[in-house]
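These notes concern the structure reproduced below.
There are 2 protein chains.
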Amino acid sequence: MSQYKEIATTLKNRIKTGDYETGQHLPSQKELADEFGTSRVTIQKALDELSNANLILRRQGSGTTVAPNSQSTLDILSSQYEGTTKLFEGRNKVTTQVLNFEIRLPNPHEQKRLAISSSTPVYDVLRLRNVDKEPYELDHSIMPLSVIQNLTEEIASGSIYKFIESTLNLKIGSSIRKITADTPQKNDQKYLKCNHGEPILQVSQTVHLSDGRAFEYSQTRHRYDKGGVIVINNSLSSNSLDV
Amino acid sequence: MSQYKEIATTLKNRIKTGDYETGQHLPSQKELADEFGTSRVTIQKALDELSNANLILRRQGSGTTVAPNSQSTLDILSSQYEGTTKLFEGRNKVTTQVLNFEIRLPNPHEQKRLAISSSTPVYDVLRLRNVDKEPYELDHSIMPLSVIQNLTEEIASGSIYKFIESTLNLKIGSSIRKITADTPQKNDQKYLKCNHGEPILQVSQTVHLSDGRAFEYSQTRHRYDKGGVIVINNSLSSNSLDV
DNA sequence: CAGTGGTCTAGACCACGTT
DNA sequence: ACGTGGTCTAGACCACTGC
């Protein structure tokens, strides 16, 4: 691990433990450089990490302070979006029912979203995730075999993300998601136990590896009383758009 | 404007105009440093900007390439979320009806979201935004007078964001948003012309200035057939969470 | 004016991919 | 082996804030 990342982790922990309190000043960059026995530029790279995560506010002339909401931001960071399995890990019981698992050729829409040709086969996986035995989300994922291999129904009944990161040793990069509301369809009524008039929150996303290859196009549908997406935006990477 | 930001803008333009094509290599950092007559570190800071915006992919050993989707990412960046007025600027006609405009004291929920005391008065503004004469969104904003002053009903019928940035000369910083689906309420039926069974997409957000002060807590409700939120995530600032 | 963060340099070494 | 991007240094100057 690089020095500036180690320092960033240390500083994050100091905020988490209240060593640096919300609203209070951090030591100056020069003091931190002395403490960690490094240069000011390295401290600045560490502070960049905290700044990107919205944990600190830097003001030229007056110093660096711990951001308001730093504690709730830390909560969100600690359960970063890496699939439903990780989100609920330890707190709730997640079970997954694989409703469909097949390999087929992609339709034109999927070809476009995944940037693959019509001859590249894809996994088509439909899963129902339950949290504490209550239906939580209905997930339909398309993954190209050119990127993801050796996926089985058994793996799909656990965490596909863990399989990709740990077993295939691939690094997940950026994603683009569109969040919309919709009326319940037949499958929503059947599996999520939605009645007529009970809205669905749908998240459509394409997820990429860090090398830029798209590895998943999915549509996830939530009951409106169990769904919701939280987005944190900073001026640096203003990354959310209402359409 | 600092040198690295100028260079970042130049490089973004080269991607926009197709000078650097999607998937193709950029010149190496050394070549760029020579071209711009600067050091490699400055080029790297410029590339950080593009990387944060998901416009490029950097691979140790093999070089920097223009990201897939760079063109659609540019589209999104060019209409960053700065209020509905800016989003539709030039393309559609946005009109705003101010349905309620008052100054009052905040309730406990609003006090918490805006981090203000019970004695700090707030503006309470309810607005209906129409795009091309069709109802688009119903927006309920709470803003503390300790931050925003001299707001009038006339200003509210235009763009409050432009007023804050241009007239008050304040800089907008981070925001935190929660996106949910909901059933239509009385106001939705009245103003957004929703029927029973037509879902609402709701965005609740708290927006901060760059100095960390919260200046707006709002709830915006969209017709399900005219709403949607797009979110771009990168590993750097993974900033979205399903709850 | 003193102290803070922001920018920039010239050069060094390392980690990684490709050939 | 070579070229790429990643990290790091020691020092400099600038911009801004607050006393």
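Chains as they are written, first to last, in the numbering used here: chain A, 1 to 243; chain B, 1001 to 1243. Idealized CB from N, CA, C, for every residue including glycine.
- Under the 10 Å beta carbon count, glycine 1158(B) is surrounded by fewer than 16 other beta carbons and is classified as exposed.
- At the C-beta level, alanine 1008(B) and leucine 1074(B) stay beyond 8 Å of one another.
- Identification of chain A residues near aspartate 1182(B) by a Cβ-Cβ cut-off of 7 Å yields Pro199 and Tyr224, ordered along the chain.
- Going by beta carbons, isoleucine 1155(B) and phenylalanine 1163(B) fall inside the 8 Å limit.
- Of the candidates Arg213(A), Tyr4(A), Leu128(A) and Thr22(A), the residue whose Cα lies closest to the Cα of isoleucine 176(A) is Arg213(A).
- If the five residues before and after leucine 145(A) are omitted, its C-beta is found closer than 6 Å to the C-beta atoms of Pro121, all from its own chain and listed in chain order.
- For the set Lys1016(B), Ile1056(B) and Asn1092(B), the Cα lying nearest the Cα of aspartate 1132(B) is the one of Asn1092(B).
- Between lysine 178(A) and serine 141(A), the beta carbon gap of about 15 Å keeps them out of contact (Cβ cut-off 8 Å).
- Within the stretch 145–212 of chain A, the complete alpha helix (DSSP H) runs of at least 4 residues fall at 153–156 and 186–191.
- In the DSSP assignment, alanine 1046(B) falls within the unbroken alpha helix (DSSP H) covering 1040–1052.
- Under the three-state reduction of DSSP output, threonine 9(A) falls in the helix class.
- Annotated as proximal: aspartate 182(A) and proline 1199(B), with beta-carbon spacing under 8 Å.
- For proline 106(A), no chain B residue has a Cβ inside 7 Å of its Cβ, as the nearest lies near 16 Å away.
- Within the same chain, Cβ atoms closer than 6 Å to the Cβ of leucine 1057(B) are found at Thr1065 and Ala1067, the five residues on either side in sequence being excluded.
- The Cβ-Cβ distance between arginine 1127(B) and leucine 1099(B) falls below 8 Å.
- For tyrosine 1217(B), same chain residues with a beta-carbon under 7 Å away, outside a window of 5 residues either side, are Glu1110, Arg1113, Leu1114, Ile1142 and Thr1206 in chain order.
- Sixteen is the threshold: when 16 or more other Cβ atoms of the shown chains lie within 10 Å of the Cβ of serine 174(A), as they do, the residue is buried.
- In the three-state scheme derived from DSSP, where H, G and I count as helix and E and B as strand, tyrosine 1224(B) is classed as coil.
- The CB of histidine 1196(B) comes closer than 9 Å to the CB of Gly197 in chain A, given here in chain order.
- Counted as a single uninterrupted DSSP element, the beta strand (DSSP E) harbouring glutamate 102(A) occupies residues 94–104.
- Rounded to the nearest whole angstrom, the C-alpha separation of leucine 1201(B) and threonine 180(A) is 7 Å.
- Glutamate 21(A) and glutamine 1149(B) have their C-alpha atoms roughly 30 Å apart.
- For threonine 64(A), the secondary structure class from DSSP, reduced to helix, strand or coil, is strand.
- For the 8 Å CB-CB criterion, lysine 30(A) and tyrosine 4(A) do not form a contact.
- Listed in chain order, the positions of the stretch 165–182 of chain A with a beta carbon within less than 9 Å of a beta carbon of chain B are Lys171, Ile172, Gly173, Ser174, Ser175, Ile176, Arg177, Lys178, Ile179, Thr180, Ala181 and Asp182.
- In the DSSP assignment, aspartate 1075(B) falls outside any beta strand (DSSP E) and lies within the alpha helix (DSSP H) extending over 1070–1078.
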